[in-house]
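Visitor: Mind the numbering: the sequence shown is residues -19 to 357 in the working numbering, read in order.
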Amino acid sequence: MRRFPLTLVVALLILMPAAASAATFRYGENYSLLKDEAVEGDFYVASPNATIAGRVSGDLQAIGGNVFLGNGVAQDVFIIGGTVNSIGSVGGDLRIIGGTVVISGRVLEDLVVAGANSKVLSTATIQGNAVLAGGQVALDGTVRGNLKIVGGRVTVNAVIDGSADIAADELIIGPNTRVLGDLSYAASRPALVDPAAKIFGETTYKEISTRSKVQKLIPTFWGTWVFVRFFMLLVGALVLHGVFRRISERFVQFGISHFLKSFLWGFLFLLAVPVASVLVLLTFVGMPFVLLGASIYVLFLTLAFFYSPILLGAIIWKLARREAAVIVSWKSILLGVVVVTLLGYLPYGGIVLKSFLFVIALGAIGTVLFQKFSEVR
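1. So the candidates are S66, L127 and G316; which of them puts its Cα closest to the Cα of G216?
2. Going by the DSSP bridge assignment, what does V64 pair with across the sheet?
3. In this structure, how does DSSP classify I140 when only helix, strand and coil are distinguished?
4. Per DSSP, L151 is paired with what?
5. Among the candidates H238, W297, S335 and V253, whose CA atom is the shortest distance from the CA of V358?
6. So, is F180 buried or exposed, given that buried needs 16 or more other C-beta atoms within 10 angstroms?
7. State the Cα-Cα distance for the pair L91 and V111, rounded to the nearest angstrom.
8. Short of 6 Å in beta carbon distance, which residues of its chain neighbour V87, apart from the five on each side in sequence? Order them along the chain.
9. Based on Cα-Cα distance, which residue from G85, K99 and P170 lies nearest to I77?
10. Let me know if S228 comes out buried or exposed under the rule of 16 or more other beta-carbons within 10 Å of its beta-carbon.
11. Determine whether the beta carbon atoms of G121 and A148 lie at a separation below 8 Å.
12. Just to confirm my understanding: we take V219, look at its own chain, exclude 5 residues before and 5 after, and list those with CB closer than 8 Å. What are they?
13. Taking only the alpha-carbon atoms, compute the straight-line gap between G273 and P254 and give it to the nearest angstrom.
14. Just the C-alpha distance for L281 and K334, rounded to the nearest angstrom, thanks.
15. Would you mind listing the beta strand (DSSP E) stretches within the region 233 to 262 that are 3+ residues and don't spill past its ends, in chain order?
16. With distance defined between alpha-carbon atoms, name the residue in F210, G72 and S309 nearest to R226.
17. Within a Cβ cutoff of 7 Å, which residues of the same chain sit near P(-3), ignoring the five residues on either side of it in sequence?
18. Could you check the C-alpha separation between A104 and S84 for me, to the nearest Å?
19. Where I140 and V64 are concerned, what is the direct C-alpha to C-alpha distance, given to the nearest angstrom?
20. In this structure, how does DSSP classify S12 when only helix, strand and coil are distinguished?
21. Is the CB-CB distance between A94 and L322 below 8 Å?
22. Between L342 and A284, what straight-line distance do the alpha-carbon atoms span, to the nearest angstrom?
23. By Cβ distance below 6 Å, which residues in the same chain neighbour Q351 in space, the five residues on each side in sequence not counted?
24. Return yes when the Cβ of V258 is within less than 8 Å of the Cβ of L292, no when it is not.
25. Between the C-alpha atoms of A305 and S102, what's the straight-line distance to the nearest angstrom?
26. Leaving out five residues on either side along the sequence, give the residues of the same chain with a beta carbon under 6 Å from the beta carbon of F23.
27. Sort out for me which residues DSSP pairs T347 with in a bridge.
28. Below 8 Å on the Cβ atoms is my guess for P28 versus G52; work out the distance and round it to an integer in Å.
29. State yes or no: is the C-beta of S168 within less than 8 Å of the C-beta of T184?
30. Should I313 be labelled buried (16 or more other beta-carbon atoms within 10 Å of its own) or exposed?
31. Within its chain, find whatever has a CB closer than 6 Å to the CB of G161; leave out the 5 residues flanking it on each side and keep chain order.
32. Quick one: what's got a C-beta closer than 6 Å to I59's C-beta in the same chain, skipping five residues either side?
33. Could you check if F224 is buried or exposed, using at least 16 other CB atoms within 10 Å of its CB as the buried criterion?
34. Starting from the Cα of Y277, find the closest Cα among R301, N97, P289 and L248 and give me that residue.
35. Give a yes or no on whether the C-beta atoms belonging to A166 and K186 are separated by under 8 Å.
36. Are the CB atoms of G125 and N109 nearer to each other than 8 Å?
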């Protein structure tokens, strides 16, 4: 498995305040951290098939088609994957975006899951709060804090020490359910409650139609500005790729195949231009050059803003489909825009990943345009 050069790792740590200690990066077709192995500090993995069976003393951030988390992670975990299985202990928060998500281990802080099919098994214990969203959600474990669920078909057969707030098309409450606080749920019909289930607090039911719930949930949860930004980003990315298809594909291919080099050049460009502008301003004839440099700087930042989701969508598409070639299509762009938007709602890890992608896109754009300029000359 390839190890990243130390100088680039140091540069990356400057951008990532969350990774103040040593960080380890791994990528490849298949990656496994064996049970008897350990990683000191933060750990970043990108692989179509990632198995983390060893110990991680810091944060873990992983992206892949299939991600398995065993053993334990001392701090926070953030995973994006097609299929995610977490059986190990997580010392901080556990946040997952995936297609199929199964959790059977212990989470010492909060759990946040967004997936098409999510299951929290009976062996799982969430010491903090739990937030679950998906088409099908099944909760059989123990939640020491409060519970919030938004889903289509929701099954709860769990012990909840706090209160539960659920919005679903169909809600089933199993015999092992114990809710020490209040239960508040909104559904298209009353929940199917097993007689053995116990709700110690007050139960509140609000009847809704699925259509009206979606119409009310979207503007309330996401906000109007979020949708404006989402569509601006999506339309901008699609237009840029459609108009500049060939050069756009070169940006993405270079960003993926040389993403550390892209990150380094992007990071230097991000810092060097403002510093150089200040130095040029000290001269008598510097203003025209500063205006020109500022215009180019803003243009590059704008391009990087729109190409970040294009780059991320191509990476996820490549990992999920296990294709050797880098494919950029409207589907991959839409996927990238959706994931980038969701990352904005994840504290710390989401901002770090978005910043990382932005700098990589900036470096790839600058490098490819410089190569293009050299070819023309």
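Don't be surprised by glycine CBs; every beta carbon is placed ideally from N, CA and C. Remember, predicted model here, so these are calculated numbers, not experimental data.
Guide: On the basis of the data shown:
1. G316
2. V47 and V81
3. strand
4. V134
5. Residue 358 lies beyond the residue range present for the chain, which begins at -19 and ends at 357; the question has no answer from this structure.
6. exposed
7. 6 Å
8. V70, L74 and I106
9. K99
10. buried
11. no
12. none
13. 9 Å
14. 13 Å
15. none
16. S309
17. Model confidence at P(-3) stands at a pLDDT of 40, short of 50, so the residue's coordinates are unreliable and nothing is read from them.
18. 4 Å
19. 24 Å
20. strand
21. yes
22. 5 Å
23. none
24. no
25. 41 Å
26. T4, V36 and L40
27. Note: T347 sits in no beta bridge, so no partner.
28. So it is not a contact: roughly 24 Å between Cβ atoms.
29. no
30. buried
31. G142, S143 and G181
32. A42, V47 and I76
33. exposed
34. L248
35. yes
36. yes
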